[in-house]
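Using my numbering, you'd call the opening residue of the sequence shown number 165 and step up by one each time.
Quick reminder that beta carbons are idealized off the backbone N, C-alpha and C, glycines included.
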Amino acid sequence: MTEKMANDDRYTVPGLARGLQLLMQFNRDERELSGAELSRRMGLPRASVFRMLFTLEQNGFLERCPDGVSYKLGLAVLRLGFELLASMELTEVGRPVIEELRDRSGFSAHLVVRDARDVVFIAKAAGGNAMFHSIQVGARLPAHATVLGRTLLSDIDMKELAALYPEPTLPAYTPKTPTNLQDLKALIDQDREKGYGVSMGGYETGISTIAAPVFNEQGRVAAAISISVPSQRIEDDALMPLVALVQASAAQMTERLSHLPQRGGWPAKSKDKKTA
165 MTEKMANDDR
175 YTVPGLARGL
185 QLLMQFNRDE
195 RELSGAELSR
205 RMGLPRASVF
215 RMLFTLEQNG
225 FLERCPDGVS
235 YKLGLAVLRL
245 GFELLASMEL
255 TEVGRPVIEE
265 LRDRSGFSAH
275 LVVRDARDVV
285 FIAKAAGGNA
295 MFHSIQVGAR
305 LPAHATVLGR
315 TLLSDIDMKE
325 LAALYPEPTL
335 PAYTPKTPTN
345 LQDLKALIDQ
355 DREKGYGVSM
365 GGYETGISTI
375 AAPVFNEQGR
385 VAAAISISVP
395 SQRIEDDALM
405 PLVALVQASA
415 AQMTERLSHL
425 PQRGGWPAKS
435 KDKKTA
């Protein structure tokens, strides 16, 4: 786009500009706003604001709050944020971390984020085993069926989990897959208590995975770091040294992302989000 075009109002789409302006009204201090409040702030008729709200809600950029009047940012905004992070800071910060983890552990290492109900691979450091070379950046796995997904779901409560999985039965991929919310939440909480997650043949036969969470500056789970071991089972004497390596890498990345020192595992301030 030329400078002339950038400064020419003829190329501006007013409706799109207003929709973006509406989204920008939400921030960390004002997470929920009503249509009436948005109308007042933007100086627009309520009918116009209602149409924008309806359109943004239909496309997932806004969600209706339980009070039926207010709105909050939706998962589509989070998805855009993840795409930005995946292409910038997360991958830039994470790539040398997982490469070091690969070198120290001897196994393939990965960095993943969550997109709604999917785990998305955004960086990898391939180990010597050829079976993991096929896992490409951008590959997706079902969050509920993997230890990676359970790690990424660890800081949402039961209400949010139920909204994400409204169906009564979750699809099973192996006999170890949780098929209802109660079983899924129990597995999430178990891993959260330990500060890491391990799956031995839980999603794919012959592969074990060790995962640990990465946190942003708000103390929310932003990503997960993992290694994949080409074995149906990791022997007890080998497991904890590998867990320690994964946790140390996750803590290192957390510190780089949040600029705060971490010891690995879930921050103490987030433990109160457990659901009874």
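- Touching by the beta-carbon criterion (3+ pairs, under 8 Å), the region 201–210 and the region 174–188: The region 201–210 is in contact with the region 174–188.
- Query: Does the distance from the CB of Ser392 to the CB of Ser272 come in under 8 Å?
  - Reply: yes
- Item | DSSP state of Ile352 mapped onto helix, strand, coil | Helix.
- Query: Taking the beta strand (DSSP E) that Pro260 falls in, what are its first and last residues?
  - Reply: Where Pro260 is concerned, there is no enclosing beta strand (DSSP E), although the alpha helix (DSSP H) it sits in stretches over 253–269.
- Message: For the pair the region 259–267 and the region 222–231, tell me if three or more CB-CB distances fall below 8 Å.
- Response: no
- Message: Quick check on the DSSP output: the alpha helix (DSSP H) that includes Val410 runs from which residue to which?
- Response: 400–422
- Item | Limits of the unbroken beta strand (DSSP E) element including Glu227 | 226–228
- Neighbourhood of Ser413 by C-beta distance below 8 Å, restricted to the same chain and skipping five residues each side: Answer for Ser413: Val261, Ile262, Glu264, Leu265, Ala273, Ala376, Ile389, listed in chain order.
- Between the beta-carbon of Arg314 and the beta-carbon of Asp355, is there less than 8 Å? yes
- Query: Lys288 by DSSP, collapsed to three states: which one?
  - Reply: strand
- Item | Start and end residues, alpha helix (DSSP H) containing Gly361 | No alpha helix (DSSP H) contains Gly361, which is instead part of the beta strand (DSSP E) from 361–364.
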